[in-house]
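In this text, residue positions in the sequence shown follow our numbering: the first is 3, and each later residue adds one.
Below is one structure; the comments refer to it alone.
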Amino acid sequence: MAEGTRAQEWRREMISLLQDFEQRWEQKQSVLQQESETRNNLMMMDIKAMVARLSLQNNELARNRGQSSNTPAGNRFNSPNPNSWHHSTKLEFPRFDGNDLETWLLKNEYYFEVVNVLPKSRVKVVALHLEGKAILWHQGYVKIKGPDAYDNWQEYVGSLRARFGKQGYDDPLAELKNLKQTQGLQEYLDTFDALYPKAGVREDQALSFFLSGLIDELQMPVRMFKPQTLAEAYALAKLQEITVAAIQSKPKPAVKTYTSFTSPVNSASNHKNNKPNPKDQPGLLPTPDISKLPVTKKPQELTSKEFNEKRTKGLCFWCDEKFTPRHKCAKRQAFVMHIRVDEGSDDEEEMLGCEEELVTGQELQMSLNAMRGTPGAHTMCVAGTCGKRSLQVLIDAGSTHNFLDSHIARKVGCELVKVTRVVVKVANGQELQCEHFCKKFTWCMQNQTFTTEVFILPLDSYDLILGASWLATLGEITWNFQTLQMKFWVDNKALVLQG
């Protein structure tokens with residue numbers, strides 16, 4: 003009896019397992035059949051589309067053959083049908099795995115437009131090109147929506163964005179507004195191009211955001227040219243980046259110290275005030291024996307009359323040789339110069355040029371091109387005159403202010419103002435101290451007279467450097483760096499400077 007009961011239970015279990023297996027097999031067959039039908043339908047649609055395209059091509063060929071007798075051979079390739087170019091191009095539908103949804107959707111729209119896919123068929127076409135987590139989400143979406151899942155393309159796109167998009171927490175406009183250049187220009191351009199189409203702003207607004215995000219070394223020179231489009235701003239920024247890199251790659255020259263001529267009375271008082279107090283400075287070495295020190299001869303005195311005679315004859319104050327800007331005395335001696343200031347002396351004013359003192363804390367910048375006398379991407383050399391003296395003028399967008407050679411300033415009799423705490427920084431890190439300033443310097447370039455303020459410095463390469471402060475007074479400028487021509491308006495008259 004026990005064996006018979008066990009056999010019956012085993013038989014019932016086998017029957018149950020077989021029934022369960024048959025049910026699962028039928029369900030699997032049903033799913034496979036549905037998928038097969040879907041694939042067949044899509045294949046049929048593709049085949050119909052291919053047949054339609056072939057038919058169009060045949061019709062076009064037939065029309066071309068019919069018109070070939072009346073069409074010259076040279077014109078057959080000059081007027082192709084712009085709507086048939088894609089028939090001979092192999093197009094592949096982009097695949098999607100859940101990443102970079104917006105780019106994928108944009109490519110889809112291009113594909114649907116070129117191939118003319120109807121909205122009711124788009125979901126099925128897309129389903130064949132989903133991968134990874136995207137196809138898993140699609141299966142759940144179809145089960146929830148049922149047969150209507152393939153009918154509404156816009157609803158399908160909205161569900162895709164809700165699942166894989168970033169609209170829920172992304173603010174492209176805020177990111178674009180706060181975007182700043184922290185690395186190279188190319189990385190900044192890549193990030194900017196990815197953000198501004200999503201922000202929904204006009205090109206002029208995007209241009210403002212782009213310029214405000216550039217680093218200072220690129221932003222100000224680009225703004226000076228007032229670009230009207232993003233393409234112009236991109237090109238100018240790349241050119242300026244190349245210029246900055248070229249300047250920084252050059253070796254730094256030895257640091258030079260420049261000093262300006264000052265009144266002997268002031269120098270003596272300053273020397274007396276700046277004399278160190280021995281009580282405040284501990285000695286580093288033992289006190290030397292004074293009797294063993296060499297005896298220094300008394301300095302030779304130069305009277306005011308001798309001073310004026312040497313200046314009139316163009317001789318060096320310290321020797322009898324002809325004075326030039328780069329003159330060095332062959333035999334150096336110690337001199338003491340006594341100058342008596344007479345009332346109404348124009349010569350003394352011309353030499354010293356200090357009527358008032360202007361205290362300023364400005365920080366000026368000069369480019370390496372202006373310092374070294376080498377041409378640059380944003381520079382142009384122009385001939386000029388001041389009275390009867392010829393000038394070599396450098397128009398330099400890389401310098402912030404205007405600079406005049408101290409030798410030229412003395413020769414033309416500029417009215418100088420003494421300034422303090424004015425530092426001129428060169429692009430290589432070198433710092434120059436400026437002590438004089440001219441409020442109104444007048445010169446002529448190509449039959450046009452100009453007046454501007456200049457800082458006085460010893461310049462080796464140029465007589466006058468016109469920087470961004472002078473360019474800003476000209477208003478709108480058209481500057482062609484290839485032909486070295488600058489065009490602007492003065493008194494309602496167009497003026498062109500030729501470099």
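Cβ coordinates follow ideal geometry from the N, Cα and C atoms, glycine included.
Handout entry: Extent of the continuous beta strand (DSSP E) to which T451 belongs
Key = Per DSSP, T451 belongs to the beta strand (DSSP E) from 450-459.
Handout entry: Buried or exposed (CB count within 10 angstroms, at least 16 for buried), S369
Key = Burial call: buried.
Problem - Of the residues V498, C388, F483, the one placed nearest F490, counting alpha carbons only - result: Nearest neighbour of F490 by Cα position, chosen from V498, C388, F483, turns out to be V498.
Problem - Status (buried if at least 16 other CB within 10 Å, exposed otherwise) for W12 - result: Taking all protein chains shown into account, W12 has fewer than 16 neighbouring C-beta atoms within 10 Å of its C-beta and is therefore exposed.
Exercise for the section: Could you name the residues of the same chain whose beta carbon sits closer than 8 Å to that of L93, not counting the 5 residues immediately before and after it, in chain order? Expected result: So the qualifying residues of the chain are Y113, V116, V117.
Practice task
Enumerate in chain order the residues of its own chain whose CB-to-CB distance from E39 is below 8 Å, with the five nearest sequence positions on each side excluded.
Solution key: Excluding sequence neighbours, E39 sits near nothing in its chain.
Practice task
Please say whether C383 and Q394 have beta carbons closer to each other than 8 Å?
Solution key: C383 is positioned such that its CB atom lies closer than 8 Å to that of Q394.
Problem - Alpha-carbon to alpha-carbon, L473 and C446 - result: If I take the Cα positions, the gap works out to 16 Å.
Exercise for the section: Could you check what DSSP says for I53 in three-state terms: helix, strand or coil? Expected result: Correcting the residue type first, residue 53 is Val in the shown sequence and not Ile. Helix, per DSSP.
Exercise for the section: Output the distance between the C-alpha atoms of V428 and S401, rounded to the nearest integer angstrom. Expected result: One Cα belongs to V428, the other to S401, and the distance between them is close to 9 Å.
Problem - Pairwise C-alpha distance: E323 and L459 - result: Roughly 24 Å separates the two Cα atoms.
Practice task
Compute the Euclidean distance between the alpha carbons of T451 and G215, then round it to the nearest angstrom.
Solution key: Computed Cα separation, rounded: 38 Å.
Exercise for the section: Could you give the DSSP three-state label for A496: helix, strand or coil? Expected result: Three-state DSSP puts A496 in a strand.
Practice task
Could you tell me the distance, in whole angstroms, from the CA atom of R412 to the CA atom of K441?
Solution key: In this structure, the straight-line span from the alpha carbon of R412 to that of K441 is close to 15 Å.
Exercise for the section: Rank L132, E455, A64 by C-alpha distance to the C-alpha of F95 and give the top, closest one. Expected result: Minimum Cα-Cα distance from F95 among the listed residues L132, E455, A64 corresponds to L132.
Exercise for the section: Give the DSSP-derived three-state secondary structure of A399 in the structure shown. Expected result: Three-state result, A399: coil.
Problem - Alpha carbon of M47 to alpha carbon of E37, nearest angstrom - result: Our two residues, M47 and E37, have alpha carbons roughly 15 Å apart in a direct line.
Exercise for the section: Could you name the residues that DSSP lists as bridge partners for Q367? Expected result: DSSP, once it has assigned bridges, lists K427 as partnering Q367.
Practice task
Under 8 Å Cβ to Cβ from A151, same chain only, skipping five residues before and after it: list those, please.
Solution key: If we look at A151 and ignore the five residues flanking it on each side, its Cβ neighbours are V125, Y143, V144, Y158.
Practice task
Tell me, please, whether the region 242-251 touches the region 201-214 by the rule of three or more beta-carbon pairs shorter than 8 Å.
Solution key: Contact between the region 242-251 and the region 201-214 is absent, because fewer than three Cβ pairs lie under 8 Å.
Exercise for the section: Would you mind working out which of G100, A372, R225 sits nearest G477, comparing C-alpha positions? Expected result: The closest CA to that of G477, considering only G100, A372, R225, is found on R225.
Problem - For I479, the three-state DSSP class (helix, strand or coil) - result: It is coil, neither helix nor strand.
Practice task
Could you check how far apart the C-beta atoms of A201 and L232 are, in whole angstroms? I think they sit under 8 Å.
Solution key: At roughly 13 Å, the Cβ-Cβ gap does not stay under 8 Å, so A201 and L232 are not in contact.
Problem - From V127, G160, N180, K240, residue whose alpha carbon lies closest to that of L44 - result: With distances taken between Cα atoms, L44 lies closest to V127.
Exercise for the section: Consult DSSP for R391 and reduce its assignment to one of helix, strand or coil. Expected result: Strand at R391.
Handout entry: Integer-rounded CB distance, given that L468 should sit under 8 Å from D407
Key = 13 Å between Cβ atoms; not a contact.
Exercise for the section: Starting from the Cα of I479, find the closest Cα among P229, L181, F405, A196 and give me that residue. Expected result: Residue P229 is the option with its Cα nearest to I479.
Handout entry: Other residues of its chain near K147: CB distance less than 6 Å, five sequence neighbours each side excluded
Key = Sequence-distant partners of K147 (beyond 5 residues in either direction) whose C-beta falls short of 6 Å from its own C-beta are missing from its chain.
Exercise for the section: State buried or exposed for F23, treating a residue as buried only when at least 16 other CB atoms are found within 10 Å of its CB. Expected result: Answer is exposed; the Cβ neighbour count stays below 16.
Handout entry: Closest by C-alpha distance to V187, when choosing among L175, L220, S210
Key = According to the sequence as given, residue 187 is Leu; it is not Val. Nearest option by C-alpha distance: L220.
Exercise for the section: Can you give me the Cβ contacts of V246 inside the same chain, cut-off strictly under 6 Å, excluding the 5 residues immediately before and after it? Expected result: These residues qualify, in order along the chain: E219.
Exercise for the section: Helix, strand or coil for L468, going by three-state DSSP, please let me know. Expected result: In the structure shown, L468 sits in a strand (DSSP, three-state: E or B).
Handout entry: Distance, F405 Cα to G227 Cα
Key = Contrary to the premise, residue 227 reads as Phe rather than Gly in this sequence. The straight-line gap from Cα to Cα measures roughly 22 Å.
Exercise for the section: Have a look at G378, V419, G389 and flag the residue whose alpha-carbon is nearest the alpha-carbon of Q484. Expected result: For the options G378, V419, G389, the alpha carbon positioned closest to that of Q484 is the one of G378.
Exercise for the section: Classify M488 as buried or exposed, calling it buried when 16 or more other Cβ atoms lie within 10 Å of its own Cβ. Expected result: When all chains shown are included, M488 counts as buried.
Exercise for the section: Please report how far the alpha carbon of Q29 lies from the alpha carbon of I49, in whole angstroms. Expected result: Each residue's Cα considered, the two are about 30 Å apart.
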